[in-house]
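K.L.:
Under my numbering, the first residue of the first sequence carries the number 287, and numbering increases by one thereafter.
Quick reminder that beta carbons are idealized off the backbone N, C-alpha and C, glycines included.
One structure follows; several queries about it will come next.
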Amino acid sequence: MPQNISIASWNINSVRARLDIVERFCKEISPDILCLQETKVIDTLFPEGLFRQFGYRHMMINGQPMHHGVAIVSKLPLINRRVEDWQANGEARHISAEIGTEATKGVRLDNVYIPAGGEVPDLENNPKFGQKLAFLGRMTEWSKTVDCPTILTGDFNVAPLEHDVWSHKQLVNVVSHTKVELDLLAELKAAGDWTDIAREFVDPSQKLYTWWSYRAQDWEATDKGRRLDHMWVTPDLKDKAKSHVVHKTCRSWGKPSDHAPIMTEFAF
DNA sequence: ATGACGGATCTAATCCGA
Numbered sequence: 287m288p289q290n291i292s293i294a295s296w297n298i299n300s301v302r303a304r305l306d307i308v309e310r311f312c313k314e315i316s317p318d319i320l321c322l323q324e325t326k327v328i329d330t331l332f333p334e335g336l337f338r339q340f341g342y343r344h345m346m347i348n349g350q351p352m353h354h355g356v357a358i359v360s361k362l363p364l365i366n367r368r369v370e371d372w373q374a375n376g377e378a379r380h381i382s383a384e385i386g387t388e389a390t391k392g393v394r395l396d397n398v399y400i401p402a403g404g405e406v407p408d409l410e411n412n413p414k415f416g417q418k419l420a421f422l423g424r425m426t427e428w429s430k431t432v433d434c435p436t437i438l439t440g441d442f443n444v445a446p447l448e449h450d451v452w453s454h455k456q457l458v459n460v461v462s463h464t465k466v467e468l469d470l471l472a473e474l475k476a477a478g479d480w481t482d483i484a485r486e487f488v489d490p491s492q493k494l495y496t497w498w499s500y501r502a503q504d505w506e507a508t509d510k511g512r513r514l515d516h517m518w519v520t521p522d523l524k525d526k527a528k529s530h531v532v533h534k535t536c537r538s539w540g541k542p543s544d545h546a547p548i549m550t551e552f553a554f
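Structure representation (structure tokens):
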């Protein structure tokens with residue numbers, strides 16, 4: 287019998303500010319493994335107790351003061367922790383582990399928070415944009431070295447396809463959807479022969495978003511979203527993915543993150 | 001203007017998100 291394992295990813299925009307909706311997610315959606323980005327907390331203050339209470343006894347966290355920060359919380363054992371620094375500046379934007387069950391022997395889970403890239407797509411006036419492009423370049427080099435079944439998930443801060451944004455025309459010069467970002471993400475994708483799981487289940491001709499700005503008066507009515515959060519797998523895992531959903535309902539819970547969680551059900 | 005909100009920190013004004 288195959289083992290079903292659900293893996294979710296959620297940019298939580300401060301885990302301590304979201305305790306209520308994190309609890310609700312763990313209770314109601316209850317994925318086996320949850321990858322978090324933008325935890326905004328140092329490791330010693332990470333709310334481990336909350337997760338333990340709902341069966342997430344295995345945790346790997348990589349935090350820093352104030353910004354960024356990532357974590358994997360899991361009902362299944364996590365082993366062989368690794369941390370990459372694809373920005374080469376010490377920011378906490380990656381953590382990975384092997385999923386330590388018999389069925390997932392040798393399967394790694396990489397959780398990444400790719401930099402947003404600042405306001406304007408201008409290398410001269412916005413150094414953050416260059417950092418984002420360099421980050422993608424280093425991920426591509428890493429991708430070429432991946433030698434085991436791997437799930438790469440997180441907030442990529444890039445909406446790669448025309449229907450991953452509410453208006454391709456209006457966002458073509460907006461950071462997250464510029465040609466140079468799309469080209470670099472395509473290079474990264476090709477380097478590992480990655481499969482974009484969401485688009486295996488939702489046809490590329492259909493709009494699909496995971497993020498809606500806080501600044502919209504009515505985010506749901508205007509629906510000006512972007513698909514920034516992704517779940518990619520190496521070729522050997524492509525057929526193991528059985529479903530994929532964006533839990534859009536979480537965006538309308540009280541005191542929400544501006545990102546909705548994504549979740550894939552695997553049969554290993 | 002797509003849209004001006006929301007979190008963390010030197011608890012005030014600023015950086016950051018995208």
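Take the Cβ of residue 317 as the centre, count every other Cβ of all protein chains shown within 10 Å, and call the residue buried at 16 or more, exposed below.
P.N.:
As a working mapping, residue 317 is identified with position 31 in the first sequence. By the 10 Å Cβ count, residue 317 comes out buried.
K.L.:
Going residue by residue through the segment 426–474, where are the continuous alpha helix (DSSP H) segments of at least 4 residues, counting only ones entirely within it?
P.N.:
The segment 426–474 contains these whole alpha helix (DSSP H) runs: 454–457.
K.L.:
Alpha carbon to alpha carbon, how far is residue 419 from residue 426? Give it in angstroms, no decimals.
P.N.:
Position 140 of the first sequence, counted from the start, is the residue given in the question as residue 426. Position 133 of the first sequence, counted from the start, is the residue given in the question as residue 419. If you take the alpha carbons of residue 426 and residue 419, they lie about 11 angstroms apart.
K.L.:
In three-state DSSP terms, what is residue 296?
P.N.:
Counting from one through the first sequence, the residue named residue 296 turns up at place 10. If DSSP states are grouped into helix, strand and coil, residue 296 belongs with the strands.
K.L.:
Going by DSSP, which residues form a beta bridge with residue 323?
P.N.:
The count along the first sequence starts at 1 and reaches residue 323 at position 37. Beta-bridge pairing links residue 323 to 297, 356.
K.L.:
Could you check if residue 487 is buried or exposed, using at least 16 other CB atoms within 10 Å of its CB as the buried criterion?
P.N.:
Looking up residue 487 in the first sequence gives position 201. Counting Cβ neighbours within 10 Å, residue 487 comes out exposed, since fewer than 16 surround it.
K.L.:
Does the distance from the CB of residue 378 to the CB of residue 350 come in under 8 angstroms?
P.N.:
Against the first sequence, residue 378 aligns to sequence position 92. Against the first sequence, residue 350 aligns to sequence position 64. For residue 378 and residue 350, yes; Cβs fall inside 8 angstroms.
K.L.:
So what does DSSP say about residue 551, is it helix, strand or coil?
P.N.:
Counting from 1 along the first sequence, the entry for residue 551 is found at position 265. Three-state result, residue 551: strand.
K.L.:
Thinking residue 381 and residue 346 are a contact (beta carbons under 8 angstroms), I'd like their distance in whole angstroms, please.
P.N.:
Taking the first residue of the first sequence as position 1, residue 381 is located at position 95. Taking the first residue of the first sequence as position 1, residue 346 is located at position 60. The pair is a contact, with the Cβ atoms about 5 angstroms apart (cut-off 8 angstroms).
K.L.:
Output needed for residue 287: all residues of its chain with C-beta closer than 6 angstroms, excluding positions within five of it in sequence on either side, in chain order.
P.N.:
Numbered from its first residue, the first sequence carries residue 287 at position 1. Here the set comprises nothing.
K.L.:
Might you give, ordered along the chain, the residues of its own chain that have their beta carbon closer than 6 angstroms to the beta carbon of residue 326, omitting 5 neighbours on each side?
P.N.:
Along the first sequence, read from residue 1 onward, the residue named residue 326 stands at position 40. Only 300, 355 meet the Cβ criterion.
K.L.:
CA-CA distance, residue 412 and residue 404?
P.N.:
Start at 1 with the first residue of the first sequence, and residue 412 comes out as number 126. Start at 1 with the first residue of the first sequence, and residue 404 comes out as number 118. Distance from the CA atom of residue 412 to the CA atom of residue 404, rounded to whole angstroms, is 7 angstroms.
K.L.:
Measuring CB to CB, does residue 428 end up less than 8 angstroms from residue 509?
P.N.:
Reading the first sequence from its first residue, position 142 is the one you call residue 428. Reading the first sequence from its first residue, position 223 is the one you call residue 509. No, Cβ-Cβ distance for residue 428 and residue 509 is not below 8 angstroms.
K.L.:
Applying the criterion that 16 or more other CB atoms from any shown protein chain within 10 Å of the CB defines a buried residue, is residue 338 buried or exposed?
P.N.:
In the first sequence, counting from the first residue as 1, residue 338 sits at position 52. Per the 10 Å Cβ criterion, exposed.
K.L.:
Starting from the N-terminal side, write out each stretch of the beta strand (DSSP E) that is 3 residues or longer and does not extend beyond the segment 513–550.
P.N.:
515–519, 527–532
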